[in-house]
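Before any comments, here is the structure.
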Amino acid sequence: MNNKNELTMQEMFMRNHKKHHRQIAFSRIFIFVLFIAVWELCSYMGVIDSFFFSSPRRVIKQLIKLFADNSIFIHVGITLFETVLSFILVFIISLLTSTALWYSPKLSEILEPYLVILNSLPKSALAPLFIVWLGTGTRTIIVAGISVALFGSVISFYTGFRQCDADKITLIYTLGGDKHDAFRKVVLPGSIPILISTTKVNIGLALVGVIIGEFLAARRGLGYLIIYGSQVFQLDLVITAIILLCIIAMGFYKGIQSIEHRIKKTTGL
Numbered sequence: 005m006n007n008k009n010e011l012t013m014q015e016m017f018m019r020n021h022k023k024h025h026r027q028i029a030f031s032r033i034f035i036f037v038l039f040i041a042v043w044e045l046c047s048y049m050g051v052i053d054s055f056f057f058s059s060p061r062r063v064i065k066q067l068i069k070l071f072a073d074n075s076i077f078i079h080v081g082i083t084l085f086e087t088v089l090s091f092i093l094v095f096i097i098s099l100l101t102s103t104a105l106w107y108s109p110k111l112s113e114i115l116e117p118y119l120v121i122l123n124s125l126p127k128s129a130l131a132p133l134f135i136v137w138l139g140t141g142t143r144t145i146i147v148a149g150i151s152v153a154l155f156g157s158v159i160s161f162y163t164g165f166r167q168c169d170a171d172k173i174t175l176i177y178t179l180g181g182d183k184h185d186a187f188r189k190v191v192l193p194g195s196i197p198i199l200i201s202t203t204k205v206n207i208g209l210a211l212v213g214v215i216i217g218e219f220l221a222a223r224r225g226l227g228y229l230i231i232y233g234s235q236v237f238q239l240d241l242v243i244t245a246i247i248l249l250c251i252i253a254m255g256f257y258k259g260i261q262s263i264e265h266r267i268k269k270t271t272g273l
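So the sequence shown is residues 5 to 273, counted in the working numbering.
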C-alpha cells in the first residue's frame, strides 16, 4: 500500500514538474509572439517610424537578402568562432589562475587588488590600445573578448574554491592526503556549481567583448554589420544583426544549460 502511495506521489510530482515547464515555455513563447505582433502593428499603423525602428517584415526581407548572397554565413560564422575561442581561453586561463591562487595564499593576497582593479576597468577603453598593440584582425577581437570576461571569472572561480567545506579538507589532511588531494577530491568537485554559473555569465561577456572588438577592428562579423549599417543608415541591417546576436546568445545559454543538467544528473548535485 505504501509503495502504491509513493508511486502515486512520484507520478504527481513528475506530472506537476512537466506541467510547470510547459507553462514556462508557453509564457516565454507568448511574450515573444506578443512583442513581435505589437512591433509590427505599431510600425504598420505609423506609431513608430519603421525607417528608424524597422519592423519584423523589414527584418525578414533583410535576412532573405543576407541569405541570398551567403554573407550571413560569413558574418555569423566569424562572430561564433571568435566568441567560442574567447570563451574557451577565458575558461582555461581562469581555471589555471584561480588554481594557482588557491595553492598559494600569499600569491592571492598579492594579486587580489590587481584583479579587482583590472576587472573594474571599462574594457571598451582598452580596445583602441589592443588595435595599436596587435593591429586589426581576429587576434585583436579575441583578446578583446577575453579581456571582458577574464578577471571577473578568475575572482569568481577563486572565491568558489575558498568557499569549499573546510571540514572535508581537514579530513583529507587527517587521512594523510596532501594539498593536491584536497583540491582534486574536495575543492574542484565542490566548486562545480559556481564554475557552471560563472560559465553562463562568461559566454555572454565573451560575446560582448567580441562585438566591441568587431566594432573597431573588423571587416566581417555581426559587430561590423552593426557599425556599417549605422554609418550608411541601413537601420534594418543594424536591427537584423542585433536580433541575430540575441539568437546566438540564447543558443549559447541553452547549450551551457544542457551541459549543466547533464553534469547534475551525473554527479547528483
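Just so you know, even glycine gets a beta-carbon here, dropped at the ideal spot from N, CA and C.
* Asked: Among Val205, Thr178, Arg166 and Thr244, which has the Cα closest to the Cα of phenylalanine 187?
  -> Arg166
* Asked: Touching or not, the stretch 143-150 and the stretch 114-121, by the rule of three or more beta carbon pairs under 8 angstroms?
  -> no
* **Own chain partners of isoleucine 247 with C-beta closer than 8 angstroms, once the 5 adjacent residues on each side are dropped** => Val63
* Apart from the five residues just before and just after valine 80, which ones in its own chain have a Cβ nearer than 8 angstroms to its Cβ? -> Leu226, Leu248 and Ile252
* How would you call cysteine 250, buried or exposed, if buried means at least 16 neighbouring beta carbons within 10 angstroms? -> exposed
* Asked: Do serine 98 and serine 195 come within 8 angstroms of each other at the CB atom, strictly closer than that value?
  -> no
* **The alpha helix (DSSP H) enclosing valine 80, as first and last residue numbers** => 75-107
* Given leucine 67, which residues of its chain have a CB within under 8 angstroms of its CB, disregarding the five upstream and five downstream residues? -> Ile76 and Thr244
* Is the stretch 231-243 close to the stretch 45-62, with three or more CB pairs under 8 angstroms? -> yes
* Coil, strand or helix - glycine 164 by DSSP -> helix
* proline 126, enclosing alpha helix (DSSP H) - first and last residue -> No alpha helix (DSSP H) contains proline 126, which DSSP labels as neither H nor E.
* To do: May I ask you to report which of helix, strand or coil DSSP gives arginine 19?
  => helix
* To do: Spatial neighbours of cysteine 46 within its chain, please: CB distance less than 6 angstroms, with the 5 preceding and 5 following residues excluded, ordered by chain position.
  => Ile52
* Mark asparagine 20 as exposed unless 16 or more other C-beta atoms lie within 10 angstroms of its C-beta, in which case mark it buried. => exposed
* Contact between the stretch 131-139 and the stretch 213-230: three or more CB pairs below 8 angstroms? -> yes
* To do: Would you tell me roughly how many angstroms separate the C-alpha atoms of glutamine 235 and serine 58, rounded to the nearest one?
  => 16 angstroms
* **Start-to-end residues for the alpha helix (DSSP H) that takes in valine 205** => 196-221
* **Nearest candidate by alpha-carbon position, reference glycine 141, set His184, Thr83 and Lys268** => Thr83
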